[in-house]
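Taken in order, the sequence shown gives residues -33 to -1, 1 to 308; the numbers are from mature numbering (1 follows the signal peptide of the UniProt record, and there is no 0).
For reference, the structure is listed below as structure tokens.
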Amino acid sequence: MAGARGGGHGFVIMMQYWALGFVIAQLLQMAESQGGLQVGFYDQSCPLAEQIVRTVVERGVLQDHGNAPGLIRLHFHDCFVQGCDGSVLLDGAKSEKTASPNFSLRGFEVVDSAKAELEKQCPGVVSCADLLAFAARDSIELTGGKRWEVPAGRRDGNVSDNAEAEAMLPSPSLDVHQLTDSFTRKGLSQNDMITLSGAHTIGRIHCSTVVARLYPTTDPNLDADLAVQLKTLCPEVGGNSSSTFNLDPTTPELFDNMYYSNLFGGKGVLQSDQILFESWSTKLPTMFNVLSTTSFTSSFADSMLTMSQIEVKTGADGEIRRHCRVVNPVIAASSPASPPV
């Protein structure tokens, strides 16, 4: 009996060591997956950084609700080109802003305001890339989504190329395989693609984005009543291509799972949305998101966390921009003083 008790005690110890080893392995994997980023990165250097961003974003969303989806989309478009390095914010004749998928980007003024406040509090400390990651998270929470901790430490890039943006950003006309490929080459899964598409539960699109589903013939996968609404707003001739329509006509200002319920009824506004429900490879996980807003918003937070770490610049790579629209000026080294004559 004593031997049995000793053996049992030894088994418990072995299991404790195994559990400890498992936890350590998980922590190491998490640290590696975050690519040098760290939750609470600014706790010492700029402790109010996240609160400053949150305050400015909340004010911006109250002034114009469109800033919420705008900031989420800015972060997505940033991460898919050059990684999450704030390159989408740079001005320039051939910068990412000038690429056709970025013509309708918005939220730049909110970013400018937040950066100005950060520079007053902590000059040259908080990167524009981190600012975007915080702002996207806050926009989701402010519209009803789940909050998550954002690991920070991204540095800003100094390259912004419209040709790369044209090549890397997924088009709303892509099929499921093309959409999946555009995400997997950035280290994201097909399930991440399905989940992140749920960002379309808030926001609006321009007529120019949807007319291909309406004319010359109506997409058979488009709900008939929705097609009538879209054709009324976006006539084939004489319409205004800049007119906008809610991506989620049911609860357009609430970050919930109604986007997926709309797909179930053929009411996905974009082809790349509705196709998630029409393809067998994506239909089942899409249906799971219909079942629970809580489950969807939790999965969305996880996928956003993964996306926010795409090809980040850390350490000595990149810079901390003083203004998000321009790279920092190069400071020439001072010439040595001339020797006395």
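In this text, a Cβ means the ideal position worked out from N, Cα and C, and glycines have one as well.
Minimum Cα-Cα distance from Thr218 among the listed residues Thr184, His167, Phe263 and Phe255 corresponds to His167. Within the same chain, Pro118, Ala119, Gly120, Arg121, Gln276, Val279 and Thr281 come within 8 Å of Leu4 by CB-CB distance, once the 5 residues on both sides are set aside.
Distance from the CA of Tyr227 to the CA of Met254, rounded to the nearest whole angstrom, comes to 7 Å. The three-state reading of DSSP puts His144 in helix, counting H, G and I together. The continuous beta strand (DSSP E) containing Asn213 extends over residues Thr211 to Asn213. Asn34 is the residue among Asn34, Ser127 and Leu155 whose C-alpha sits nearest the C-alpha of Ala102.
Closest by C-alpha distance to Ala191, out of Leu163, Lys234, Met225 and Met160, is Lys234.
Taking the C-beta atoms as reference points, Gly285 is found no nearer than 8 Å to Leu214. DSSP places Ala119 in the strand class (E or B) of the three-state scheme.
A distance below 8 Å separates the beta carbons of Val143 and Ser248. The Cβ neighbour count for Gln238, taken over all protein chains shown within 10 Å, is at least 16; the residue is labelled buried. In its chain, beyond the 5 residues on either side, Val48 have a beta carbon closer than 6 Å to the beta carbon of Glu131. Taking C-beta atoms as the reference points, Asn158 and Pro252 count as a pair closer than 8 Å.
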